[in-house]
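Q: Before we start, here is the structure in question, set down as structure tokens.
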């Protein structure tokens, strides 16, 4: 995770995903500045995110099931604090094949 994105919501996203999915790679990107003044911008500077995550348990999951697992791990953050999130969830074998 990059330093500039470590506000309280981004830190909580990172913690919950780490605790629930034990990822080998995790990057939480705060995209909120790109959406300033748009619908869903609550003025907090932490309303829109991209999550890039690689986890072993994704090996046997479909793309939809991976997104459901991320959303389940985030729980109430998705309804109370985050307006939008792009999820890029991959299995380790998919990352190795990209190199």
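Residue numbers (our numbering): 1391 to 1489. All residues carry an ideal CB built from backbone N, CA and C; glycine is no exception.
1) Assign residue 1398 to buried or exposed, taking buried as 16 or more other Cβ atoms, counted over all protein chains shown, within 10 Å of its Cβ.
2) Is the CB-CB distance between residue 1485 and residue 1404 below 9 angstroms?
3) Give every residue of the same chain whose Cβ lies closer than 7 angstroms to the Cβ of residue 1412, excluding the five residues on either side of it in the sequence, and list them in chain order.
4) Tell me the DSSP bridge mates of residue 1439?
5) Do you know how far the Cα of residue 1450 is from the Cα of residue 1440?
6) When the Cα atoms are used, what is the spatial distance from residue 1457 to residue 1410?
7) Could you have a look at residue 1396 and say whether DSSP puts it in helix, strand or coil?
8) May I have the straight-line CA-CA distance separating residue 1438 from residue 1448, to the nearest angstrom?
A: With the structure as the only source:
1) In summary, residue 1398 is exposed, with fewer than 16 beta-carbon neighbours lying within 10 Å of its beta-carbon over all protein chains present.
2) In this structure, residue 1485 lies away from residue 1404, with their beta-carbon atoms at least 9 angstroms apart.
3) Non-local beta-carbon contacts of residue 1412 in its own chain, meaning distances under 7 angstroms to residues more than five positions away in sequence, involve 1445 in chain order.
4) 1420, 1475.
5) Each residue's CA atom was taken as its position, placing residue 1440 and residue 1450 some 23 angstroms apart.
6) Approximately 13 angstroms, taken between the alpha carbons.
7) Annotated three-state conformation of residue 1396 is coil, per DSSP.
8) Rounded to the nearest whole angstrom, the CA to CA distance from residue 1438 to residue 1448 is 24 angstroms.
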